[in-house]
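Beneath this line is the structure, given in structure tokens, with notes to follow.
Residue numbers (the numbering used here): -4 to 190.
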């Protein structure tokens, strides 16, 4: 009797980000997913989720690298919400150029950053900036590594799927975030290259 349930969903009638929990009875290990979801005519048109697939119970389910798809159907989907598109551009530009100050300036003073692969959780804008200063040279969502693949969400938050460079430690990832009423990032979670 496995359980899978949403923790938070943010979006509108066009697209959303879904943060979910899968109980251990499903895959043999607790997983937390971030999914990019698109809707068309009131139905799900695209759902791509990312999760940490490195655990023993999940490795057998992982696609071999040569069989892993190069695209995820993102080219047939509508234009993203302008607020999310703008925030995504700013976040990705700052992170992929290693600009920790610009990246942290997009966060609220009491923001939370989560890297769900390294199991890192950091609280507070200043500490997040210090972490980015050290981590962006090697993190797959950092310096020189990301091209935005797809953006979903609304003015309250969203997510963007990204692709790492050929030399990056991973080729696929997703970063989801929630925004406050000022448009500042309050929670930023990322999952990369493991499933």
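Note that the Cβ used here is the ideal one computed from N, Cα and C, for glycine as well.
Taking residue 131 as reference, the option from 115, 78, 90, 165 with the minimal CA-CA separation is 90.
Beta-bridge partners assigned by DSSP to residue 15: 1, 28. When DSSP states are grouped into helix, strand and coil, residue 167 belongs to the strand group.
Distance from the Cα of residue 139 is smallest, within the candidate group 128, 129, 125, 160, for 160. For the 8 Å CB-CB criterion, residue 40 and residue 5 do not form a contact. For the 8 Å CB-CB criterion, residue 45 and residue 168 form a contact. The criterion of a C-beta distance shorter than 8 Å is satisfied by residue 188 and residue 135.
Residue 98 places its beta carbon less than 8 Å from that of residue 86.
By the neighbour-count criterion, in which 16 or more other beta carbons inside 10 Å mark a residue as buried, residue 158 falls on the buried side. By alpha-carbon distance to residue 107, the top candidate from 179, 12, 21 is 179. A straight-line Cα-Cα distance of about 26 Å links residue 126 and residue 13. Looking at the DSSP output, residue 157 bridges to 143, 168.
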